[in-house]
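K.L.:
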DNA sequence: AGCATAAGTTCAATGGGTCAACAAATGCCG
DNA sequence: CGGCATTTGTTGACCCATTGAACTTATGCT
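Structure below.
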């Protein structure tokens with residue numbers, strides 16, 4: 014379960030010193046361990062990185078002392094020779110925390126260095142009626158309690174990633190129309206809780222973090238399409254999220270799929286969101302949005318019951334999705350689409366049509382057809398992805414955590 | 014005129030050695046010189062990079078010895094103190110060559126380290142009737158002659174970038190339907206010419222190289238939209254071309270703008286290319302494509318004459334462009350659109366409508382409106398962009414050219 | 001002429017990776 | 001059961017790039 018393979022290189026624009034060599038090679042060695050399925054030896058690290066065994070040993074020694082690696086049982090060599098000492102990411106040392114503030118729940122996830130979930134808590138409840146202050150106070154309490162539990166188990170939390178369902182400006186102000194938030198400084202509000210204030214906080218869009226949660230060693234580049242009332246996308250390229258010049262990339266919901274379609278709140282006509290968003294599909298299916306329940310539930314039930322209007326609405330949504338996603342794939346040249354959010358639950362009815370339409374559209378489908386699959390992570394994926402992004406940062410900049 | 018600011022960092026996945034420090038810092042120092050408007054002193058390099066004056070001096074010495082830099086006149090300091098020795102990119106030493114094979118011409122451009130054109134030659138003529146072998150033989154001769162001239166002026170050509178109007182697979186095989194080429198190994202054919210064989214050849218799509226030619230110090234991220242018979246785009250992010258996972262990114266021509274539109278040769282309906290490509294616009298304007306002449310010429314003439322049908326056709330094309338480009342901007346979050354190819358000539362009629370429609374569509378237009386402008390480089394931009402990309406590579410990896 | 005100031009150079013010190021030799025730990029084979 | 005091949009991991013001398021501080025050089029200002 015390696016997290017993101019962020020660039021373990023010296024920052025462009027910064028001078029390279031001796032210490033930079035160390036930093037780079039530490040991250041390199043660590044990545045060999047995190048990318049390998051099982052335990053790895055010092056000699057294997059040397060082989061995989063191109064460093065000498067001497068250097069690999071030195072680096073490993075530092076990572077062991079810093080609590081990022083642990084020695085495991087001996088590895089039985091295939092032939093003869095001295096058996097190797099196994100090395101693995103330390104499961105009990107450092108961890109990452111993800112805090113998700115969403116429309117109808119709050120969630121917190123803590124993962125260890127291997128990306129495994131060690132703690133998860135969800136607080137259901139519609140947040141729309143409550144003021145940002147009240148919501149964020151509850152979220153901070155949730156994070157603080159998770160933090161205390163993690164500390165109790167000996168886990169050091171290296172950072173906290175906050176996920177919100179909206180646009181983030183300047184890394185601070187959140188505009189989340191679905192929550193009725195227009196310029197809420199989420200991090201400042203969270204920091205009012207003293208035990209959260211001590212944390213290294215960062216914030217990102219919920220779809221972005223959900224996309225991050227789908228990164229695996231095998232699948233490193235894909236388009237993550239999250240469908241709820243709004244439609245958003247996370248673009249993941251070689252394990253790192255593509256953010257665009259201002260951090261607003263991935264607004265798939267406002268790609269046009271029908272120039273003569275219904276008007277969208279953004280001002281344009283026929284945006285994907287107003288054609289294939291949950292609200293539109295629910296209405297097209299002839300269902301009334303169940304009060305308090307997420308739209309996806311009613312839709313899924315109707316589809317499972319084989320309701321004709323619902324199946325037709327889903328078919329139409331899949332076609333619209335194919336139009337928008339096809340355009341995105343032509344622009345971005347990624348080979349895989351991951352359906353998240355409510356689309357994941359609706360995948361059985363969306364994937365066949367979507368897959369077929371994409372196959373028909375894509376220029377290069379005769380060489381390499383697109384792969385469409387539902388998200389592997391279920392609900393609350395954003396808090397997992399956020400937590401993993403903390404760990405990914407730790408793994409790519411280990412020197413920051415190796416206090417001498 | 015700095016060329017692309019490619020990452021001057023140690024390759025990810027590669028071990029960092031002492032030599033890597035040197036390489037990184039050499040590129041860093043060189044970039045300070047290339048990014049600065051005028052001559053720079055050693056002390057300024059030290060200040061800008063964070064290196065010590067001692068190190069900056071050492072690096073500059075190497076770059077001088079390698080012929081990448083030259084000393085210029087003394088710089089008058091603002092206060093008193095010892096005057097600094099000016100340093101600038103050596104204009105006469107190294108250069109890059111771009112060779113463009115296009116539908117109705119062949120072009121070659123040679124630039125020096127500063128990105129200035131020192132030599133350009135264009136061979137007009139429709140290449141569609143001729144076999145790839147004949148075309149590429151002529152192209153190789155053109156390159157060889159330019160190379161000889163450049164050598165005669167003392168310029169060492171560091172590499173050659175070939176631009177073709179089609180998809181490139183595996184860095185070798187070119188599929189260019191407009192030329193009637195389906196799997197032509199362009200580089201192998203060019204190498205049959207002995208004086209070209211010695212060059213370090215690379216190959217890319219013509220639109221990509223044209224996009225590269227628009228990169229300046231001020232404009233480092235944009236969507237370059239090239240309209241001819243086909244429509245393609247080059248996505249430039251912080252000075253480097255975004256290529257996607259397989260190198261096919263930027264196929265804007267096959268983004269759908271009208272699900273009920275005419276069928277495209279790719280199989281889908283309503284692709285931008287069949288709605289706003291030159292052929293479609295020409296037909297919509299009621300013009301017959303002038304035999305042998307590029308479509309854009311007839312259109313431009315009719316538009317200048319104020320022909321009503323033509324103006325209406327261009328207006329419709331601009332709307333279609335807005336639909337497709339709007340989607341791309343929402344996905345990629347870049348702020349500027351550069352119109353290239355025939356669209357550059359048609360810009361006076363396209364930009365107003367396109368700009369207004371984008372303003373209406375874009376989610377964030379109230380914060381930051383999109384900028385739309387025609388390409389600064391005219392025809393044969395691809396050969397310029399290719400030549401510049403060679404120089405950009407040289408500047409980002411200077412150690413490869415500093416023979417000890 | 002003398003002084004302040006800034007540019008550029010010199011050189012010992014620091015620190016990180018390499019290289020080669022060596023020690024340690026196992027399987028294999030006689 | 002003992003020697004041998006084989007592979008792992010460690011040690012120390014060496015190399016090399018950057019640092020930092022002292023020093024030299026070249027100019028303007030008073």
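Chains as they are written, first to last, in this note's numbering: chain A, 14 to 417; chain B, 14 to 417.
Ideal placement from N, C-alpha and C gives every residue a C-beta, glycine not left out.
Rounded to the nearest angstrom, what separates residue 375(B) and residue 164(A) at their Cα positions?
P.N.:
Your numbering for residue 375(B) matches position 362 in the second chain. Your numbering for residue 164(A) matches position 151 in the first chain. Whole-angstrom Cα-Cα distance: 45 Å.
K.L.:
In chain order, what are the residue ranges of uninterrupted alpha helix (DSSP H) at least 4 long that sit wholly in the stretch 141 to 195 of chain B?
P.N.:
Taking only runs of at least 4 residues, the alpha helix (DSSP H) segments lying wholly in the stretch 141 to 195 of chain B are 145 to 165.
K.L.:
Just the chain A side, please: which residues come within less than 7 Å of residue 341(B) by C-beta, in chain order?
P.N.:
Position 328 of the second chain, counted from the first residue, corresponds to residue 341(B). Simply 344.
K.L.:
Scan the stretch 250 to 262 of chain B for residues whose Cβ lies nearer than 9 Å to a Cβ of chain A and list them as they occur along the chain.
P.N.:
Answer set for the stretch 250 to 262 of chain B: 250, 251, 255, 256, 257, 258, 259, 260, 261 and 262.
K.L.:
Can you find the residues in the same chain that come closer than 7 Å, C-beta to C-beta, to residue 224(B), ignoring five residues on each side of it along the sequence?
P.N.:
Within the second chain, numbered from 1, the residue matching residue 224(B) stands at position 211. Closer than 7 Å at the Cβ level, and outside the excluded window around residue 224(B), lie 237, 247, 249, 254 and 398.
K.L.:
With a CB to CB cut of under 8 Å and the five nearest residues on each side skipped, what residues in its chain are close to residue 338(A)?
P.N.:
Position 325 of the first chain, counted from the first residue, corresponds to residue 338(A). The answer, listed in chain order, is 236, 238, 265, 350, 367 and 371.
K.L.:
Just checking, does the stretch 143 to 152 of chain B make contact with the stretch 197 to 214 of chain B on the three C-beta pairs under 8 Å criterion?
P.N.:
Result yes; three or more Cβ-Cβ pairs closer than 8 Å.
K.L.:
Taking only beta-carbon positions, decide if residue 408(A) is within less than 8 Å of chain B.
P.N.:
As a working mapping, residue 408(A) is identified with position 395 in the first chain. Answer no: the Cβ-Cβ gap between residue 408(A) and chain B never drops below 8 Å.
K.L.:
Note the first and the last residue of the continuous alpha helix (DSSP H) segment covering residue 376(B).
P.N.:
On the second chain, position 363 is the one that residue 376(B) refers to. Note, residue 376(B): premise wrong, no alpha helix (DSSP H); not H, not E.
K.L.:
Just verifying my parser: in three-state terms, what is the DSSP assignment at residue 52(B)?
P.N.:
The residue labelled residue 52(B) in the question sits at position 39 within the second chain. Three-state result, residue 52(B): coil.
K.L.:
On a Cα-Cα basis, can you pick out the residue from 70(A), 102(A) and 147(A) that is closest to residue 128(A)?
P.N.:
Looking up residue 128(A) in the first chain gives position 115. Per the Cα distances, 102(A).
K.L.:
Kindly say whether residue 70(B), judged by its beta-carbon, lies nearer than 8 Å to any beta-carbon of chain A.
P.N.:
In the second chain, residue 70(B) corresponds to position 57, counting from 1. False, the Cβ-Cβ gap to chain A never drops below 8 Å.
K.L.:
Going by DSSP, what residues sit across from residue 130(B) in a beta bridge?
P.N.:
For this step, residue 130(B) is matched to residue 117 along the second chain. Residue 130(B) pairs with 124(B).
K.L.:
Does the beta carbon of residue 271(A) sit closer than 8 Å to a beta carbon anywhere in chain B?
P.N.:
The residue given as residue 271(A) occupies position 258 in the first chain. Taking Cβ atoms only, chain B reaches closer than 8 Å to residue 271(A), which makes this a yes.
K.L.:
With respect to 7 Å, is the separation between the Cβ of residue 284(B) and the closest non-hydrogen atom of the ligand HEM below this value?
P.N.:
Summarising the ligand content, the structure contains no ligands, and the ligand HEM is consequently not present.
K.L.:
By the three-class DSSP mapping on this structure, what secondary structure does residue 242(B) have?
P.N.:
Position 229 of the second chain, counted from the first residue, corresponds to residue 242(B). Coil at residue 242(B), not helix or strand.
K.L.:
So is residue 401(B) buried or exposed if we call it buried at 16+ other beta carbons inside 10 Å?
P.N.:
As a first step, residue 401(B) must be located in the second chain, where it is residue number 388. Per the 10 Å Cβ criterion, buried.
K.L.:
Starting from the C-beta of residue 275(B), find all residues in its chain whose C-beta is less than 6 Å away, skip the five residues before and the five after it, and write them out in chain order.
P.N.:
Taking the first residue of the second chain as 1, we reach residue 275(B) at position 262. Correct list, in chain order: 287.
K.L.:
Are the CB atoms of residue 140(B) and residue 192(B) nearer to each other than 8 Å?
P.N.:
The residue you call residue 140(B) lines up with position 127 of the second chain. The residue you call residue 192(B) lines up with position 179 of the second chain. Yes. Within cutoff.
K.L.:
Should residue 72(A) and residue 115(A) be called a contact, given that it needs their Cβ atoms to be closer than 8 Å?
P.N.:
Taking the first residue of the first chain as 1, we reach residue 72(A) at position 59. Taking the first residue of the first chain as 1, we reach residue 115(A) at position 102. Not in contact: residue 72(A) and residue 115(A) (Cβ atoms no closer than 8 Å).
K.L.:
Run through DSSP, which three-state label would residue 81(B) get?
P.N.:
Looking up residue 81(B) in the second chain gives position 68. Looking at residue 81(B) - three-state DSSP - the assignment turns out to be coil, as it is neither helix nor strand.
K.L.:
If we ignore side chains and look at the alpha-carbon of each, how far apart do residue 36(A) and residue 33(B) end up?
P.N.:
Taking the first residue of the first chain as position 1, residue 36(A) is located at position 23. Taking the first residue of the second chain as position 1, residue 33(B) is located at position 20. Straight-line Cα distance between these residues: approximately 13 Å.
K.L.:
Considering only the alpha carbon of each residue, which of 310(B), 160(B) and 147(B) lies closest to residue 354(B)?
P.N.:
Counting from one through the second chain, the residue named residue 354(B) turns up at place 341. Here the closest residue by C-alpha is 310(B).
K.L.:
Compare the C-beta of residue 234(A) against all C-beta atoms of chain B and say whether one is closer than 8 Å.
P.N.:
Counted from its first residue, the first chain places residue 234(A) at position 221. Yes, residue 234(A) lies at the interface with chain B (some Cβ there is under 8 Å from its Cβ).
K.L.:
Is it right to say residue 323(B) is buried, meaning 16 or more other beta carbons lie within 10 angstroms of its own, or is it exposed?
P.N.:
Locating residue 323(B) in the second chain gives position 310, counting from the first residue. It is buried - the Cβ of residue 323(B) has at least 16 other Cβ atoms within 10 Å.
K.L.:
Does the Cβ-Cβ distance between residue 43(A) and residue 75(A) come in under 8 Å?
P.N.:
For the purposes of this step, residue 43(A) is taken as the residue at position 30 of the first chain. For the purposes of this step, residue 75(A) is taken as the residue at position 62 of the first chain. Taking 8 Å as the Cβ cut-off, residue 43(A) and residue 75(A) do not qualify as a contacting pair.
K.L.:
Can you name the start and end residues of the beta strand (DSSP E) that residue 217(B) belongs to?
P.N.:
For this step, residue 217(B) is matched to residue 204 along the second chain. Segment 214 to 218, the beta strand (DSSP E) holding residue 217(B).
K.L.:
Could you say which of 261(A), 65(A) and 387(A) lies nearest to residue 344(B) if we only look at CA atoms?
P.N.:
The residue you call residue 344(B) lines up with position 331 of the second chain. Among 261(A), 65(A) and 387(A), the Cα nearest to that of residue 344(B) belongs to 261(A).
K.L.:
Helix, strand or coil, according to DSSP, for residue 381(A) in the structure here?
P.N.:
As a working note, residue 381(A) is residue 368 in the first chain. Here residue 381(A) sits in coil by DSSP.
K.L.:
Helix, strand or coil for residue 110(B)? Go by DSSP, reduced to three states.
P.N.:
Mapped onto the second chain, residue 110(B) falls at position 97. Three-state DSSP puts residue 110(B) in a strand.
K.L.:
Distance, Cα to Cα, residue 142(B) vs residue 290(B)?
P.N.:
Along the second chain, one-based indexing puts residue 142(B) at 129. Along the second chain, one-based indexing puts residue 290(B) at 277. For residue 142(B) and residue 290(B), the distance between alpha carbons rounds to 22 Å.
K.L.:
Chain B partners of residue 374(A), CB-CB under 8 Å?
P.N.:
For the purposes of this step, residue 374(A) is taken as the residue at position 361 of the first chain. Here the neighbours are 267, 269, 279, 280 and 281.
K.L.:
Taking the straight line between their C-alpha atoms, what separation do you get for residue 58(A) and residue 88(A)?
P.N.:
As a position in the first chain, residue 58(A) is number 45, starting the count at 1. As a position in the first chain, residue 88(A) is number 75, starting the count at 1. In a straight line, the C-alpha of residue 58(A) is about 14 Å away from that of residue 88(A).
K.L.:
Quick check on residue 280(B): does DSSP put it in helix, strand or coil?
P.N.:
As a position in the second chain, residue 280(B) is number 267, starting the count at 1. Three-state result, residue 280(B): coil.
K.L.:
Within the continuous alpha helix (DSSP H) that includes residue 287(B), where are the two ends?
P.N.:
The residue labelled residue 287(B) in the question sits at position 274 within the second chain. It spans 285 to 289 - the alpha helix (DSSP H) in which residue 287(B) sits, taken as one unbroken run.
K.L.:
Indicate the three-state DSSP secondary structure (helix, strand or coil) for residue 347(B) in the structure shown.
P.N.:
Along the second chain, one-based indexing puts residue 347(B) at 334. Correct three-state label for residue 347(B): coil.
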